[in-house]
Amino acid sequence: MKVLAIDTSNFTLGIALTDGDQVVGEYVTNLKKNHSLRVMPAIESLLRDCDTKPAELEKIVVAKGPGSYTGVRIGVTIAKTLAWTLNIPLVGISSLEALAANGRYFNGMISPLFDARRGQIYTGLYQFTESGLESRSEDKNMLAVEWAQKLKELNVPVLFVGQDIAIHVDTLKDVLGERAYFIPAQAYNPRPAELAFLGRDKKQEDVHMFVPNYVRMAEAEVKWLEQQKK
Amino acid sequence: MGEFNVKKDQLILGIETSCDETAAAVIKNGTDILSNIVASQIESHKRFGGVVPEIASRHHVEQITLVLEEALREADVTYDDLDAIAVTEGPGLVGALLIGVNAAKAVAFAHNIPLVGVHHIAGHIYANRLIKEIKYPALSLVVSGGHTELVMIKSPGQFKVIGETRDDAAGEAYDKVARTLHLPYPGGPHIDRLAQEGDPTSVPLPRAWLEDSYDFSFSGLKSAVINTLHNAEQRGETIEAADLAASFQQSVIDVLVKKTVKATQEYGVHQVLLAGGVAANKGLRKALTEAFETITDTELIIPPLALCTDNAAMIGAAGSVLFENGKRSGMAMNGNPGLDIETI
Ligand SMILES: [Zn+2]
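Here it is, written out as structure tokens:
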């Protein structure tokens with residue numbers, strides 16, 4: 001089965017084409033550049049290089065967030081439109097889960113994270129088991145220091161994954177000490193081929209209804225709800 | 001050889017997501033609407049008193065494939081039938097624009113269909129071609145929430161802005177005055193309705209003529225309305241909201257109509273095309289119609305209300321003209337909030 005995977009939820013722009021158990025091609029950049037401009041040309045060029053026509057695709061897998069609101073929307077819009085127009089299944093995978101896959105051989109818990117400004121992070125807790133990558137705590141948005149304190153109670157080694165660990169490394173080390181592990185820079189970026197494999201056997205989405213998992217409400221909505229309470 | 005060379009109908013799928021409507025349409029030969037689907041978000045934005053860009057973008061993602069599917073189904077066309085996909089490239093809210101742009105690129109790529117980026121205002125102008133064939137040169141009065149412009153169209157798809165607002169767009173002035181009068185959002189239609197009941201000569205308000213220019217200015221008028229209300233309140237007097245609305249509307253319309261008539265005569269155009277969301281305004285439609293009754297060599301075209309507000313039929317209509325002109329957009333097209341109509 002030919003699967004196209006798309007991840008534009010954060011700085012990493014990742015496109016992969018997999019066919020069965022084979023990774024046919026991957027395109028990854030880690031640049032602060034406009035995804036809206038670059039995603040479709042990247043898909044076009046990867047498929048051309050892999051001699052694959054759009055009509056041959058059999059499934060689309062997309063990183064559904066959390067991440068940059070605009071970034072996630074670009075990937076999700078392209079993915080759902082492709083799946084709808086080609087009439088093939090669509091699978092959405094947590095952007096954090098895709099990132100957690102980089103910790104495959106770590107013996108402990110994996111905490112992928114993206115910076116969410118003002119000391120906050122988007123994170124979740126994952127673990128590799130015999131049946132694959134499993135979620136141990138749902139994706140959330142919280143202060144890095146609070147997250148570290150929660151992890152401390154688990155009393156197990158935790159591997160932090162993602163380039164934004166650089167921003168929070170001191171906080172995490174302070175709280176967790178020896179039990180905090182940090183993935184090296186060459187494994188900072190989520191890999192689109194991992195995303196494709198994570199989505200291969202997952203249940204398909206209702207394409208029309210599919211939306212990003214923003215984790216957070218829009219700011220205007222938060223303020224509006226606060227005003228309603230007054 | 002020997003076969004009839006019958007010209008096939010040209011079919012364009014239009015897509016529009018520049019503000020708070022998710023829309024798709026199929027247009028035949030640039031003139032016939034086969035489908036015209038609009039999912040409006042206005043109810044969702046009402047509670048905020050205006051369009052919130054992040055909320056608008058979220059709704060566009062929810063609606064985009066539903067609207068596309070409905071447009072194709074209602075028009076009863078398949079991808080093989082389509083000659084091009086036309087999408088609003090700008091101006092507009094950038095986050096909103098790029099939902100339509102990326103959806104358009106995905107469909108174009110999946111089925112190898114040519115893609116044409118369309119200027120939103122070119123769309124509003126070409127909504128008129130869905131009513132009547134355009135005779136060039138034509139002049140368009142564009143009035144919407146973000147735009148107040150006089151645009152010359154010398155030949156198909158060739159635009160020249162001869163006048164534009166120096167501060168607020170007419171639609172913005174409407175919204176601000178409506179807020180001052182505590183009318184619900186969106187304020188334009190409420191002022192228009194109130195104005196029908198008021199006396200347009202009751203409250204003296206300024207008109208910014210900006211002599212020797214086709215430019216507009218509405219911020220002085222807006223301030224005058226706010227000051228008039230404020231001063232009356234301080235004196236303990238009340239001004240009828242209907243009278244103020246009527247006087248304000250008359251001031252806006254006087255300037256719009258007079259400048260349009262002047263440009264019509266100077267440029268010797270065959271047609272005047274009303275365009276944009278404020279073109280739904282009853283007062284403006286009436287005043288323009290009256291003014292052009294005596295100008296016999298120029299035809300005034302006013303689209304029906306549904307084609308004045310944002311829709312994708314107009315994008316398909318403009319896209320048809322640009323496609324015929326040979327315009328093609330690539331996979332690197334982006335939403336462009338500052339797109340210039342003269343360079344498309
Ligand atoms: Zn508009």
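Protein sequences appear in the order of chains A and B.
Position 110, counted from 1, in the first sequence is what the working numbering calls 110; the numbers after and before it change by one each time, with no gaps.
Position 301, counted from 1, in the second sequence is what the working numbering calls 301; the numbers after and before it change by one each time, with no gaps.
Backbone N, C-alpha and C define an ideal beta-carbon position, used for all residues, glycine too.
Keep in mind the model is a prediction, meaning the values are calculated, not measured.
Look at the alpha carbon of residue i and the alpha carbon of residue j, and state the distance between them as a whole number of angstroms.
i: A:Val66; j: A:Asp201; result: Here the sequence assigns Pro to residue 66 of chain A, which means Val is not the residue at that position. Cα to Cα, the separation comes out at about 21 angstroms.
i: A:Phe210; j: A:Lys80; result: 7 angstroms
i: B:Val261; j: B:Phe292; result: 8 angstroms
i: B:Ala127; j: A:Ala187; result: 52 angstroms
i: B:His59; j: B:Ser18; result: 12 angstroms
i: A:Ala83; j: B:Ala138; result: 43 angstroms
i: B:Thr264; j: B:Val272; result: 7 angstroms
i: B:Met1; j: B:Lys7; result: Reliability of the predicted coordinates at B:Met1 is poor, the pLDDT of 47 falling under 50, and the value obtained from them is presented with this limitation in mind. The alpha-carbon atoms of B:Met1 and B:Lys7 are separated by roughly 15 angstroms.
i: A:Leu198; j: A:Gly103; result: 14 angstroms
i: A:Lys33; j: B:Arg285; result: 46 angstroms
i: B:Ile113; j: A:Ala196; result: 27 angstroms
i: A:Tyr214; j: A:Asp139; result: 10 angstroms
i: B:Asn345; j: B:Ala39; result: Nothing about residue 345 of chain B can be reported from this structure: the residues present for chain B run from 1 to 344 only.
i: B:Pro206; j: A:Glu226; result: 41 angstroms
i: A:Lys223; j: B:Ile42; result: 19 angstroms
i: A:Pro89; j: A:Ala55; result: 13 angstroms
i: A:Asn107; j: B:His119; result: 55 angstroms
i: B:Val67; j: A:Lys173; result: 50 angstroms
i: A:Glu130; j: B:Leu98; result: 41 angstroms
i: B:Leu274; j: B:Ile162; result: 15 angstroms
i: B:Leu300; j: B:Ile239; result: 36 angstroms
i: A:Arg179; j: A:Ala100; result: 17 angstroms
i: B:Ile344; j: B:Lys160; result: 11 angstroms
i: B:Arg73; j: B:Gly146; result: 32 angstroms
i: A:Glu44; j: A:Arg38; result: 10 angstroms
i: A:His35; j: A:Thr12; result: 9 angstroms
i: B:Val278; j: B:Thr309; result: 8 angstroms
i: B:Arg328; j: A:Trp147; result: 50 angstroms
i: B:Ile121; j: B:Ile341; result: 7 angstroms
i: A:Asn30; j: A:Pro190; result: 10 angstroms
i: B:Val321; j: B:Gly90; result: 17 angstroms
Measure the CB-CB distance between residue i and residue j and report whether it falls below 9 angstroms.
i: B:Ile12; j: B:Gly283; result: no
i: B:Gly171; j: B:Ile315; result: no
i: A:Thr171; j: A:Val145; result: yes
i: A:Met40; j: B:Met331; result: yes
i: B:Val203; j: B:Gly187; result: no
i: B:Val143; j: B:Ala208; result: no
i: B:Arg166; j: B:Ser223; result: no
i: B:Gln158; j: B:Pro200; result: no
i: B:Val269; j: B:Thr298; result: yes
i: A:Arg73; j: B:Ser155; result: no
i: A:Asn10; j: A:Phe114; result: yes
i: A:Leu47; j: A:Glu26; result: no
i: A:Leu159; j: A:Met109; result: yes
i: A:Lys230; j: A:Val91; result: no
i: B:Tyr174; j: B:Ile153; result: no
i: B:Asp9; j: B:Ala96; result: no
Applying the criterion that 16 or more other CB atoms from any shown protein chain within 10 Å of the CB defines a buried residue, is residue i buried or exposed?
i: A:Asn87; result: exposed
i: A:Val156; result: exposed
i: B:Ile244; result: A quick correction: the sequence has Leu, not Ile, at residue 244 of chain B. Buried: at least 16 other Cβ atoms inside 10 Å.
i: A:Asp7; result: buried
i: A:Cys50; result: exposed
i: A:Met1; result: exposed
i: B:Arg129; result: buried
i: B:Asn311; result: buried
i: B:Gly236; result: exposed
i: B:Asn325; result: exposed
i: A:Lys64; result: buried
i: B:Thr289; result: exposed
i: B:Asn231; result: exposed
i: B:Pro304; result: exposed
- Quick one: which residues of the segment 55 to 66 of chain B get their C-beta closer than 7 angstroms to a C-beta of chain A? List them in chain order. Ile55, Ser57, Arg58, Val61, Glu62, Ile64, Thr65 and Leu66
- Query: What residues in the segment 86 to 104 of chain B have a beta carbon less than 8 angstroms from any beta carbon of chain A?
  - Reply: Gly95, Leu98, Ile99, Val101, Asn102 and Ala103
- Message: Which residues of the segment 323 to 339 of chain B have a Cβ closer than 9 angstroms to any Cβ of chain A? Give them in chain order.
- Response: Residues of the segment 323 to 339 of chain B with a C-beta less than 9 angstroms from any C-beta of chain A: Gly330, Met331, Ala332, Met333, Asn334 and Gly335, listed in chain order.
- Query: Closer than 9 angstroms, Cβ to any Cβ of chain B: which residues of the segment 77 to 99 of chain A, in chain order?
  - Reply: Thr77, Ile78, Ala79, Lys80, Thr81, Leu82, Ala83, Trp84, Thr85 and Leu86
- Item | Where the segment 4 to 31 of chain B meets chain A: residues whose CB sits under 8 angstroms from a CB there | Taking 8 angstroms as the Cβ-Cβ cut-off, the segment 4 to 31 of chain B has no residue approaching chain A.
- Message: Taking beta-carbon pairs under 7 angstroms, can you tell me which members of the segment 3 to 22 of chain A lie near chain B?
- Response: none
- Message: Output needed in chain order: residues of the segment 61 to 74 of chain A with a Cβ under 8 angstroms from some Cβ in chain B.
- Response: Tyr69, Thr70, Arg73 and Ile74
- Query: Quick one, which residues of the segment 121 to 150 of chain A are near chain B if we go by CB-CB under 9 angstroms, in chain order?
  - Reply: none
- Task: Check each residue's C-beta against every heavy atom of ligand 1 and list, in chain order, those closer than 5 angstroms.
- Result: B:Ser144 and B:Asp310
- Item | Interfacial residues, the segment 28 to 51 of chain A to chain B, with Cβ spacing under 8 angstroms | Asn34, Ser36, Leu37, Arg38, Val39, Met40, Pro41, Ile43 and Glu44
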